[in-house]
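What follows is one structure encoded as structure tokens, with my remarks underneath.
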Amino acid sequence: MMTCVGSQGHLVWNLDTGVRWTSHQELVFHASLTPFVPVPALAKPAMIAIGDRSMALVSPTGQLLAFSDLRGMAIDTPVIADFNNDGHNDIVIVTAEGLIGFVSRVSASYGLFQVILATLILGVGSVLMRERFLPSAKVSKD
């Protein structure tokens with residue numbers, strides 16, 4: 000369960016991520032909550048929650064962005080860097096069994112939606128302006 004509390008102490012959001020923490024005697028388990036910025040230029044942070052055998056990526060608004068089961072228990076905090084040089088930060092989690100890597104990808108559909116919406120608004124606006132300021136020629140039927 001992740002909870003966000005506002006600066007005045009009020010509840011902002013509450014989310015069950017599915018990530019669980021338990022105590023293990025045989026291995027030093029390292030649960031963590033780590034800030035994550037997928038694209039440094041955009042600076043929209045999220046939180047990575049790492050539990051026993053799962054991890055979740057949660058947005059600042061409390062939306063579950065991604066969830067994954069891990070093949071082993073995390074034994075250190077995640078390493079966050081742009082490993083494949085694509086401009087997006089990636090995640091490497093160190094487990095008792097080895098390393099697990101996650102590649103972050105930012106969806107381009109939101110930007111495409113903005114472009115389509117702007118084109119539609121400009122098109123409708125230009126038609127309305129033409130109708131308003133450029134009177135159409137009347138054809139007489141003599």
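Residue numbers for the sequence shown follow numbering that gives the first Met the number 0, beginning at 0 and rising by one. Glycine residues also receive a C-beta, built at the ideal position from the N, C-alpha and C atoms. A quick note: this is a predicted structure, and the numbers were derived from the prediction, not measured.
- Residue 81 and residue 75 do not touch by the CB rule: their CB atoms are close to 19 Å apart, not below 8 Å.
- Residue 83 and residue 130 have their C-alpha atoms spaced approximately 53 Å apart.
- C-alpha of residue 86 to C-alpha of residue 13: approximately 31 Å in a straight line.
- According to DSSP, residue pairing for residue 101 in a beta bridge involves 90.
- For residue 33, the uninterrupted beta strand (DSSP E) segment begins and ends at 31-35.
- Around the beta carbon of residue 50, a 10 Å sphere encloses 16 or more other beta carbons of the protein chains shown; the residue is thus reported as buried.
- The criterion of a C-beta distance shorter than 9 Å is satisfied by residue 67 and residue 53.
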